[in-house]
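First the structure, in the form of structure tokens, and then the observations on it.
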Amino acid sequence: MSTQDRSKVIELNNISKIYRSYSSPRHRLLELMSAGKRQYFRETRALDGVSFSLERGDRFGVVGENGSGKSTLLKILAGVLNPSTGMVNVSGRVSALLELGAGFNPELSGRENIVQFCMLHGMLQEQAIAAQPEIIRFSELGDAVDHPVKTYSSGMAVRLGFACAVYVQPDILIVDEALSVGDAYFQNKCLHKIRTMLDEGTTFIYVTHAADSVRALCNRGLWLEKGRVRLLGSSKQVGAAYQSEVFSRMVRAGIDVTEIDDDDDPADTPATAGNATNTADASTAVAHMRPDKARTRAFSSRVEPLRTGTGEIRIDDISVIDPDGNECDTVDIEKTLRVRVFFHVESPPPKKSSLALGITDSSGRQILHFSSEVQDVFPSEAAPHIQHMIEFSFANPLCPGEYGLIAGVGVTTEHPENRGQSLVTNVIDYCVGGARFAVRFPDEVVKRDLWGIVHVNYAVSMHSLD
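Note that the sequence shown ends on residue 481 in my numbering; no numbers are left out.
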């Protein structure tokens with residue numbers, strides 16, 4: 016790579032990948048015997064004239080339908096495949112999660128594969144062994160880490176693969192979303208780790224079918240269509256154009272995406288504002304829901320790899336409660352949703368320390384935020400060394416899908432410019448991946464337009480202007 020282009024970590028110039036196929040083995044022999052004078056093969060261009068460059072810290076999302084060449088592109092960037100034509104320059108350590116089990120020996124245990132994977136990515140044996148505990152903790156494989164990888168489920172293999180991929184400290188991280196087979200909790204945990212790496216300047220390349228993921232995670236985007244560049248630009252431009260195309264195809268296919276409920280008056284089903292309830296108001300109702308020590312330890316183990324804060328107050332558990340008061344992991348749209356955050360005070364915290372709850376979508380983007388401070392509920396006023404609980408309740412506006420929960424305790428101050436927003440000045444405890452839940456589609460036939468992230472009741476009217 017030339018001196019003037021040292022800021023570029025990846026350069027692709029007119030890359031093509033061509034595969035040859037023969038209708039029968041006989042044609043291979045005939046072509047060989049003709050000394051190249053006759054061709055019996057058919058060419059398939061997986062990639063055709065793709066060019067772009069990335070600088071350090073770029074977050075690059077690649078979208079396109081199946082067969083558009085996305086996975087082929089990633090394999091070329093990772094060095095697994097060579098292009099048929101064109102030039103590729105990649106500078107820095109590359110860590111790629113491309114195929115299930117890629118880079119692992121199925122006969123070796125997970126623990127042995129960790130050392131092998133790390134050493135293959137340039138780490139010394141002592142460094143690989145030292146990294147083992149963190150990788151095992153992040154993957155949450157437990158005792159299974161000592162079993163052969165060939166006995167792992169697809170989800171376990173992806174957990175191990177992702178943990179290894181991020182802990183070898185790559186300059187360039189490549190992830191294929193097709194491998195995101197874990198539950199929403201682990202996906203959110205991975206996305207939070209990716210965001211931490213992005214803040215540290217890691218270059219990120221992400222293949223996905225979700226336009227929202229490109230807009231949420233990336234600053235640049237590429238839309239591939241039949242191996243060619245359909246659009247190269249900002250993540251917002253590419254995401255919007257690709258999503259528009261997807262909806263157009265759905266309309267052409269006859270999928271109804273425009274049903275509107277004209278029978279319901281929004282006034283009949285008012286949305287309920289989120290409320291925070293302290294322990295004294297709900298202690299009787301939740302006594303039987305108190306998490307035991309085993310559950311608290313399990314929660315701590317889940318959130319520990321990404322946990323931050325000074326620690327005067329510690330979050331012990333998070334649970335989702337249905338309208339009947341039972342713990343659940345699946346809820347209904349528009350029904351009352353209650354989230355309980357259990358905590359204890361370790362040592363005297365700063366005054367007016369509040370507890371905040373966030374709900375994230377499948378891409379890790381926070382879409383709802385609640386704070387106990389709004390209702391003058393402060394965990395810093397709770398008695399030390401015993402367990403307490405703060406409950407948030409609200410009418411669930413979320414559309415069907417998978418969601419994650421994050422919780423944090425801290426001290427905030429009013430934003431100097433944006434009224435209604437607070438800035439965190441002191442993080443006491445911050446937990447990512449503590450719990451997850453799903454919102455299901457209604458069992459009965461309803462007139463709803465359940466697209467996007469949130470659903471609100473609304474009125475539609477038509478007027479003659481003559």
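Just so it is clear, CB atoms sit at the ideal spot from N, CA and C, and this is done for glycine as well.
For clarity, every value in this text was computed on a predicted model and none was experimentally measured.
- If you look at residue 381, you'll find it in the beta strand (DSSP E) that goes 381–386.
- If you draw a straight line from the Cα of residue 103 to the Cα of residue 347, it is about 50 Å long.
- Around the beta carbon of residue 219, 16 or more other beta carbons lie within 10 angstroms, which makes this residue buried.
- In terms of Cβ geometry, residue 203 and residue 73 do not form a close pair [threshold 8 Å].
- Taking a contact as a CB-CB distance under 8 Å, the pair residue 190 and residue 239 does not count as one, their CB atoms being some 16 Å apart.
- A Cβ-Cβ separation of about 4 Å places residue 447 in contact with residue 207 under the 8 Å criterion.
- Membership of residue 75 in any alpha helix (DSSP H) is not indicated; the residue belongs instead to the beta strand (DSSP E) covering 74–78.
- By the neighbour-count criterion, in which a residue is buried when 16 or more other Cβ atoms sit within 10 angstroms of its Cβ, residue 48 is exposed.
- Under the criterion of beta carbons closer than 8 Å, residue 183 and residue 138 qualify as touching, at roughly 6 Å.
- The segment 91–101 makes no contact with the segment 122–136, as fewer than three CB pairs between them are under 8 Å.
- The Cβ atoms of residue 224 and residue 192 sit closer than 8 Å to each other.
- DSSP, read as helix, strand or coil, puts residue 163 in strand.
- As DSSP reads the structure, residue 35 sits in a beta bridge with 58.
- Inter-residue distance for residue 214 and residue 379 is about 15 Å (C-alpha atoms, whole angstroms).
- Judged by DSSP in its simplified three-state form, residue 176 adopts helix.
- In the structure shown, residue 257 adopts helical secondary structure according to DSSP, grouped into three states.
- In the displayed model, residue 134 falls within a helix according to three-state DSSP.
- Residue ranges of uninterrupted beta strand (DSSP E) with 3 or more members, entirely inside the segment 322–359 and ordered along the chain, are 328–336 and 345–347.
- Partner residues in a beta bridge of residue 204, as assigned by DSSP, do not exist.
- The bridge partners DSSP lists for residue 23 are 70.
- By the CB criterion at 8 Å, residue 454 and residue 420 fall outside the cutoff.
- Taken atom to atom, the span from the alpha-carbon of residue 365 to that of residue 433 is near 24 Å.
- If you look at residue 405, you'll find it in the beta strand (DSSP E) that goes 402–410.
- Rounded to the nearest angstrom, the Cβ distance from residue 258 to residue 226 is 4 Å, consistent with a contact under 8 Å.
- Between residue 242 and residue 62 a beta carbon distance of about 5 Å is seen, short of the 8 Å cut, so the two are scored as contacting.
- Sequence-distant partners of residue 83 (beyond 5 residues in either direction) whose C-beta falls short of 8 Å from its own C-beta, in its chain, are 239, 240, 241 and 242.
- In this structure, DSSP gives residue 423 an extended state, which the three-state scheme calls strand.
- Residues of the same chain with a CB within less than 7 Å of the CB of residue 345, apart from the 5 flanking positions on each side, are 452, 453 and 455 in chain order.
- Apart from the 5 residues on each side of it in sequence, residue 134 sits with its Cβ closer than 7 Å to the Cβ of 140 and 143 in its chain, given in chain order.
- The beta carbons of residue 328 and residue 368 sit about 6 Å from each other, so the pair counts as a contact at 8 Å.
- For residue 229, the enclosing alpha helix (DSSP H) starts and ends at 226–232.
- Between residue 326 and residue 371, the C-beta spacing is not below 8 Å.
- By a beta-carbon distance limit of 8 Å, residue 244 contacts residue 65. Their separation comes to about 6 Å.
- For residue 430 against residue 400, the beta-carbon gap comes to about 34 Å, at or over 8 Å, which does not count as contact.
- About 13 Å separates the beta carbons of residue 374 and residue 356, which is beyond the 8 Å limit, so they are not a contact pair.
- Cβ neighbours of residue 151 within its own chain (closer than 7 Å, five residues either side excluded): 160.
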